[in-house]
Amino acid sequence: MTDSAEYKSLYSSLTNYCLAWEVVSRSAEQITASALFQFDQGFTGFAGHFPNKPILPAIVQLGVVRRLAEWVCDQKLQAGAYRKVKFKAAVMPREKISVDLSLTLAPDLLQGRFTLYKPDSDGEIVAVGNCKLQPSNK
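Residue numbers for the sequence shown follow numbering that gives the first Met the number 0, beginning at 0 and rising by one.
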């Protein structure tokens, strides 16, 4: 992922579009959490992606996964890697997306699996994959 000023601004705005988040379960080794997001037509991430038919960019979908991990771990994280990610459905403005995240905890690395889905569309899967996140030095 990029560290450009534009991406940082977009990333920091994700908080404004989260309707709710919660820790579902927590142990010394693992955290399971979920969140619900809804992006309105004015969300900057839709600009230019695509004209006349805006869809939520993949980088934003991965961003909500990282953002949820930061909230539940109460620390800034950076993406180490995303693997086996499959984007299966487009997200349009005003559609709600739920994020389910399961993380295995270690001092210098969080590894996990995520699923994004549309709760208002019979649970249609939006994206699935694995992530590795590291504490940020910034």
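Cβ coordinates follow ideal geometry from the N, Cα and C atoms, glycine included. Nothing here was measured: the structure is a model prediction, and the numbers come from that model.
- Two segments are said to touch when three or more pairs of C-beta atoms, one from each, lie closer than 8 Å; by this definition the region 15–33 does not touch the region 47–57.
- Per DSSP, I58 is one residue of the alpha helix (DSSP H) stretching across 57–72.
- F42 carries a coil assignment under DSSP once its states are collapsed to helix, strand and coil.
- Distance from the CA of K85 to the CA of V127, rounded to the nearest whole angstrom, comes to 5 Å.
- Bounds of the beta strand (DSSP E) holding K95 are 95–105.
- Inter-residue distance for F42 and I30 is about 29 Å (C-alpha atoms, whole angstroms).
- Residues W20 of the same chain have their beta carbon placed closer than 7 Å to that of W70, with the five preceding and five following residues left out of the count.
- With a contact defined as Cβ atoms closer than 8 Å, I96 and F36 qualify at about 5 Å.
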